[in-house]
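One structure below.
In our numbering, the protein residues as written are 585 to 784.
Structural data, given as structure tokens:
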């Protein structure tokens, strides 16, 4: 019986280890994929804005490439978020199974939860920790603390960034097609910055 228990426990530990490692891998890959697409789009944007002589066809093709890249950026960022959430869940379920089996056969063992803590309780503890410092902070630090307490999703930020870039690429591509009425209207409100190195 003891050998069967140990064998089952090792199997559960292995599943838990794989789940945690894969979760960590997905988090790392989320960042790496986003960096790859941001770099690629940065190169394309530089190609558009560094084009001294007007080359409409080239500019239009670059904009089309930008739309395609940013669209795939949105899909990749969304997929990365899905798989990160998937492996978060898998790690949580593996930990529950390991905890229940360990307590069942080793009642005196003090199991440490990593993924199955009450999320509301933990969030309140973190929130209270920051709120305790608010009274002693200046207005700038208070602003930072309130931004932290807003709990913005780091893993959703690449999706929002990709959507913004997609909108920018669509606007640039429309500009190359001369949607005159729309961009003439914009030019009445957007002056821009002009740099003349010769002072003319």
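Beta carbons: idealized from backbone N, C-alpha and C, even for Gly.
Restricting attention to 758, 761, 744, the CA atom closest to the CA of residue 655 is found in 744. In the DSSP annotation of this structure, the continuous segment of the alpha helix (DSSP H) that includes residue 598 starts and ends at 586-633.
Taking each of 605, 695, 590, 595 in turn and checking the Cα distance to residue 672, the smallest one comes out for 605. Within the same chain, and ignoring the five residues on either side of residue 624 in sequence, the residues whose Cβ sits closer than 8 angstroms to its Cβ are 653. Taking the C-beta atoms as reference points, residue 675 is found nearer than 7 angstroms to residue 603.
Leaving aside the five residues that flank residue 687 on each side, none in its chain has a CB nearer than 6 angstroms to its CB. Cβ atoms of residue 661 and residue 596 stay farther apart than 8 angstroms, at about 33 angstroms. Beyond the five residues adjoining it in sequence on each side, residue 610 comes within less than 6 angstroms, by CB distance, of 667, 668, 671 in the same chain, given in chain order.
Proximity to residue 758 across 711, 643, 592, 713 peaks at 643, based on C-alpha coordinates. Under the three-state reduction of DSSP, residue 697 is assigned to coil, being neither helix nor strand. If you check the CB distance, residue 729 and residue 640 do not come in under 7 angstroms.
Excluding the 5 residues flanking it on each side, residue 683 has same chain C-beta neighbours closer than 6 angstroms at 695, in chain order. When the alpha-carbon of residue 657 is set against those of 626, 632, 645, the nearest one is in 626.
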